[in-house]
Structures are given as structure tokens and as C-alpha cells.
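> Okay, here's the structure, questions in a sec.
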Amino acid sequence: MTSDLSDDLLLKILSSLPAKDMVGTMLLSKRWKFLWTMVTKLHFDDSFKDYYCDDEDEDYVTDGENIFPYRRFRQYVDKFMILHKSHVLETLTFEIGLVSRADDLATWIRIAIARQVRELEIHRSIADNIDYTFTLPLDLYTYDKLVVLKLCGSIVLDVPLMVSLSSLKSLHLLSVLLYHDEESHCRLLKGCPVLEELVVDKYIYDFGHSCLCENMPEVVEANVKLVCKFPEKLMRSLNSVKHLSLCLQGSMLKPRSRYNQLVHLELCRCSIMWWDLLTRMLKISPKLQVLKLNKCQEPFYDSPIVPIKGSWEPSSVPECLVSHLKTFEWKYYNGSHEEKKVVAYILKHARHLKTATVSAEELSTKIPTRQRKELVSLPRASASCKLVLD
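Below is the structure:
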């Protein structure tokens, strides 16, 4: 019986619902009537048909009575934000289409800032035409209580000269546009002194394609996916990182610096010549303890795994294998000759390896018996290494 549950628990349940369904609970009983106004996690999605009129054509107004769908959504969010009473917003998420307007979003963001929002996520449809992009309010760049900022899609980062995001620990930028100059993202990152996690897929500039950013904060964890055409300079600025996830072409990165603090590395195998990147990262990461070979998990990057071409083997045994590597994980293993050679090399040279986990190409299936026997028979430098085959 919900009547036996505490308000805190009910608010937690309500927080998992989209805003439209959350408001619908006010009809359940007197107790529920105003409970939704105190929820601290809000999620607005303008694709919900409940916001729209019955008219199937959602692209224009057919007469004076049928309200343009986005206008209906805007009116709903305006009213919701006014009636919402919680003094603190933990999370505010928007999933919006290309007809969404910058001034509306700016208003909602300012209300969220007044409510001391901690996490802000904006997912906007991706457009080929720059005319469909919009900018974020300047207030956001100096809001010192924001801890997580996730932006995705046709959004312009018109970064001002003054950026002060003193509490921001996690920053995600997926398919966003950096406006005016190639120093925009430098100003953004320099204004995040306690940043711990950086997730980017690509920076697109109106001018230039450089990824130079010196004197960045010491990011603890970075997830870098296809960072513009030349990610080398940005990668050099991350040389103090401890956790790193990469989805880059092997030919895009040349080792000009060492990652002396890197202990955890995940490589995506969806990029061309990823095996070259593996060789380079092993060479320049002497203290690496965890190595994971996977595929992109982001919904926008569901790319097939690229098979290894040619023979893979480092010219010399990397220091991390000899001295530090403890965990090795390979997901979506297909058992090809070249893939088996990579696994064999790691097992043969990783003297301190504790666990090696290999999972089948289809995670719902098991590794075939023949492949399992081949893997079990491979020599291991570490007598204590446990081989796990899923």
C-alpha cells in the first residue's frame, strides 16, 4: 500500500517518472495532490504526444484552435516550473527537438539556477543546418553550484571570456558546436578547476579544427571519442589523467608525451586501426593496471567493431605489462587468429595479472568450446592469473 510509504520514498519513486506522468499522480488522492511539486529530479521530453493536440501534422498550425505542438510543450513546462516548489533541484533533464527555442530554454535554466540545480542535461536533436542550432544563456557559465553538465546535439557553446564553474566535476559534450574561435573550449575547461570527468566526441568550430588547450585542470577521468580531426594537442593536455576511455583512430594519435598517472584504460574497437592505438597507449602508460577492450556504449555511436588487419605485436614488451597490469578485459571477442594473438601476448607478458576476462562476440552467448580450449591453453606469465571466459 502506497499509504504506508514515507514521503521521501514516494518522492524518489516520482523522480523516476517523466514530468507529464509525475503530474498525473495528483489525481490519486489528497496526499498525492501536491507531492509532485516537491520532486527534486525533473525530466521533460517534447516528443511525448500527450503535449500535442490531435492534429497529426505537427509541423504547422492548421487553424486558430490547434496549437503548434512545441508551443503546447512550452506552455506545459512554463506552468510546471512555476508550480514546482522544491527549493533545490538535484537534476533537470531536457530532451528537445529542433523547433525548440533558445529563449525558452534560457528561461527554464535561469529558474533552475534559482532552485540551485546540481545536474543539468540537455539532449537536442542533431541538425545538418547550422540555422537550427542555439546558444545557452551566459548565466550558466558562471553558476558555481553546478556539479554535472551534459550537453548533446545542436547546441552552440558561445563561451564568454569569464567562465567560473567552480563546482563542476563532470562535463559531457557530444556533437556540440564551439562558436567564434578555437580557444572557446580552453576557456570553458580552464573555468572548471575541480573537473574530474570529461566526455567529448568531437568539437566542431566555425573557424579552425585545432584542439589546443594548455594549462587545463588535472582531470581524473576522461572519455574521449573522435575529438575533432587532430586530437593530439588535447590528449597532451590530459597527461595527468588516471582513468581514460578512448575511441580514436590509431593513426590520429602519436606518442609525444607519457601518461605516467594513467592506471585505467578502456579502448573502443569501433575505430580504424584501434590496434595501433593500443600499442601506443601501452608504450606510454607505464603504470597501467586495468586494460579493457570494448565497443562504444553511447547510443549515438553504435558502430561495428573493426577487425584487426595485419600482425599485431609491440616492438618491445611495454613496461606496464612487466610491472603493473592486474586486470585485462576483452568484450565482444570473436576468436579470430589476430584477436587470439593479442590475448596471447597480454597473458604471456603480464607478470602481475590477477584477472583476465574474455566475453563472446554476442554477450547473450558463450564462447564456443574450441575457442575456450585455445584460450585456456595459452601460457600465462602470472601464476596467480584467473582466466574468466563468458
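291 is the number that my numbering gives to position 291 of the sequence shown; each next residue is one higher, with no gaps.
Where is the CB? At the ideal position from N, CA and C, for every residue including glycine.
Note that the structure is predicted; figures quoted are calculated from it, not measured.
(1) For I122, which residues of its own chain have a beta-carbon under 6 Å away from its beta-carbon, when the five flanking residues on both sides are left out?
(2) Where does H349 fall in DSSP's three states?
(3) Just checking my contact of L262 with K242 at CB under 8 Å: how many whole Å lie between their CB atoms?
(4) Between which two residues does the beta strand (DSSP E) carrying V290 extend?
(5) Taking all protein chains shown into account, decide if D201 is buried (16 or more other Cβ within 10 angstroms of its Cβ) or exposed.
(6) List the residues that DSSP assigns as beta-bridge partners of A360.
(7) Under a three-way DSSP split, which group does T365 fall into?
(8) According to DSSP, is I96 helix, strand or coil?
(9) What did DSSP end up calling V147 once you bin it into helix, strand or coil?
(10) For S100, I'd like the list of residues in its chain whose CB is within less than 7 Å of its CB, leaving aside the five on either flank, ordered along the chain.
(11) So, helix, strand or coil for Y60, using DSSP?
(12) I need the straight-line Cα distance from L265 to V147, nearest angstrom please.
(13) Determine the direct distance from the alpha carbon of V39 to that of E65, and round the result to whole angstroms.
(14) Tell me, please, whether the CB atom of K41 is closer than 8 Å to any CB atom in chain B?
(15) Cutting at 7 Å between CB atoms, please list the residues of its own chain near R74, excluding the five before and the five after it.
(16) In whole angstroms, give me the CA-to-CA distance for Y60 and T357.
(17) How should H87 be labelled, buried or exposed, when 16 other C-beta atoms within 10 angstroms of its C-beta is the threshold for buried?
(18) Starting from I155 and walking both ways along the beta strand (DSSP E), at which residues does that stretch end?
(19) Would you report the Cα separation of S377 and T369, rounded to the nearest angstrom?
(20) Opposite V388 in the DSSP bridges: which residues?
(21) What's the C-alpha gap between S311 and Y345?
(22) In terms of residues, what are the limits of the beta strand (DSSP E) holding E319?
(23) Would the beta-carbon of S166 fall within 8 Å of that of D144?
(24) Kindly list the residues whose CB is nearer than 7 Å to the CB of I96, restricted to its own chain and excluding five residues on each side of it in sequence; keep chain order.
(25) For C247, which three-state DSSP category applies?
(26) Return helix, strand or coil for K283, following the three-state DSSP convention.
(27) Can you list, in chain order, the residues of its chain whose CB lies under 6 Å from that of R372, leaving out five sequence neighbours each side?
(28) Suppose you measure from the CA of I367 to the CA of T91; what does that come to, to the nearest Å?
(29) What is the rounded straight-line gap between the Cα of E196 and the Cα of R351?
(30) Between L238 and V219, which are expected to be in contact by the criterion C-beta below 8 Å, what is the C-beta distance as a whole number of angstroms?
(31) With distance defined between alpha-carbon atoms, name the residue in I82, K326, I272 and P307 nearest to L288.
(32) If you draw a straight line from the C-alpha of K169 to the C-alpha of Y259, how long is it?
(33) Measuring straight from C-alpha to C-alpha, what distance separates C186 and L157?
(34) State the beta-bridge partners of R372 as determined by DSSP.
(35) Where does E196 fall in DSSP's three states?
Quick look at the numbers:
(1) F94 and L151
(2) helix
(3) 6 Å
(4) V290 to N294
(5) buried
(6) Y333
(7) coil
(8) strand
(9) coil
(10) D46, Y70 and R124
(11) At Y60 the pLDDT is 36, less than 50, meaning the model places this residue with poor confidence and gives no usable figure here.
(12) 24 Å
(13) Here E65 scores only 38 on pLDDT, less than 50, and its place in the model should not be relied on; the value that follows carries that caveat. If I take the Cα positions, the gap works out to 33 Å.
(14) The chain inventory of the structure shown lacks chain B, comprising one protein chain alone.
(15) D104
(16) No answer about Y60 holds up, because its pLDDT of 36 lies below 50 and its placement is not dependable.
(17) exposed
(18) I155 to L157
(19) 12 Å
(20) T357
(21) 12 Å
(22) Not the beta strand (DSSP E): E319 falls in the alpha helix (DSSP H), residues E319 to S323.
(23) yes
(24) D46 and R124
(25) strand
(26) helix
(27) L389
(28) 41 Å
(29) 31 Å
(30) 6 Å
(31) K326
(32) 21 Å
(33) 12 Å
(34) In the DSSP output, where bridge partners are listed per residue, R372 has none listed.
(35) coil
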